[in-house]
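Step one of this worksheet: look at the structure below.
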């Protein structure tokens, strides 16, 4: 087990799970009002707008002062909404890509550079989506940005492996969370259609993604880098 993990995203259940695996967890995100004090380890919360590289740099300064540089970095920050592409405005496009692609890049590059300077290896994990590979109508900014994240991680896996850095990706299928489904499927109609197409006949759970994330970030997967693991039932 590693000593420190930085988790950047909105799913607190993953942070709780990380708290069972590592001694120090730092949660970096905009939404931290739902943080619950359940963990076997220390959980530190740092508010950070991942779209802003200066805010990211300050966030990493705080992380480093609290726990030192992390051994595991998990990028899961996301923004999404359903919209016909012919109605997309430049601001709509930017609102998603700034969070998903730029935010992931800013966090990854800032921490990666500091880790390289300190001659330390680390495990980086990105949470994308199954449609990053296939594409998907009506969520074009998200699909494009997530595909960019996958290209970023595959590229850095090739370039930064010599520094002891691993970069892997999880592609979750549909998982019911309050934030995602309130925006993407407020009526529940899409969920019924998805269930008909999923061989397992059910949606995934956040715990299932957390289990996979813990494995891919751990020493059990130490020879795995540049890998994309779908988890879609």
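In the working numbering, the protein residues as written are 50 to 282. C-beta atoms are modelled at their ideal positions from N, C-alpha and C, and glycine is treated no differently.
Identity of the residues DSSP links to residue i by a beta bridge
{"i": "residue 253", "result": "224"}
{"i": "residue 348", "result": "Past the edges of the chain, shown from 50 to 282, lies residue 348, and the structure says nothing about it."}
{"i": "residue 279", "result": "220"}
Alpha helix (DSSP H) segment containing residue i, residue limits
{"i": "residue 104", "result": "102–116"}
{"i": "residue 160", "result": "152–166"}
{"i": "residue 269", "result": "It is not in any alpha helix (DSSP H) - residue 269 carries neither H nor E in the DSSP assignment."}
{"i": "residue 179", "result": "Segment: none, residue 179 is in no alpha helix (DSSP H) and carries neither H nor E."}
{"i": "residue 131", "result": "Run containing residue 131: none; DSSP gives neither H nor E here."}
{"i": "residue 144", "result": "139–146"}
CA nearest to the CA of residue i, picked from the options
{"i": "residue 94", "options": "104, 112, 106", "result": "112"}
{"i": "residue 150", "options": "248, 179, 170, 191", "result": "191"}
{"i": "residue 160", "options": "267, 106, 279", "result": "106"}
{"i": "residue 202", "options": "127, 265, 98, 276", "result": "276"}
{"i": "residue 172", "options": "250, 164, 187", "result": "164"}
{"i": "residue 224", "options": "157, 252, 141", "result": "252"}
Distance, residue j Cα to residue i Cα
{"i": "residue 270", "j": "residue 210", "result": "14 angstroms"}
{"i": "residue 68", "j": "residue 263", "result": "Bear in mind that the predicted position of residue 68 carries a pLDDT of just 40, short of 50, making it unreliable; the figure below should be weighed with that in mind. If you take the alpha carbons of residue 68 and residue 263, they lie about 11 angstroms apart."}
{"i": "residue 102", "j": "residue 155", "result": "6 angstroms"}
{"i": "residue 131", "j": "residue 194", "result": "15 angstroms"}
{"i": "residue 109", "j": "residue 205", "result": "20 angstroms"}
{"i": "residue 181", "j": "residue 196", "result": "5 angstroms"}
{"i": "residue 145", "j": "residue 91", "result": "31 angstroms"}
{"i": "residue 260", "j": "residue 143", "result": "32 angstroms"}
{"i": "residue 240", "j": "residue 281", "result": "14 angstroms"}
Buried versus exposed, by CB contacts within 10 Å (16 or more), residue i
{"i": "residue 283", "result": "No information on residue 283 is available, as it lies outside the stretch 50 to 282 that the chain covers here."}
{"i": "residue 136", "result": "exposed"}
{"i": "residue 220", "result": "buried"}
{"i": "residue 248", "result": "exposed"}
Continuous beta strand (DSSP E) stretch holding residue i: start and end
{"i": "residue 198", "result": "Counting along the chain, residue 198 falls outside any beta strand (DSSP E), though it belongs to the alpha helix (DSSP H) covering 189–209."}
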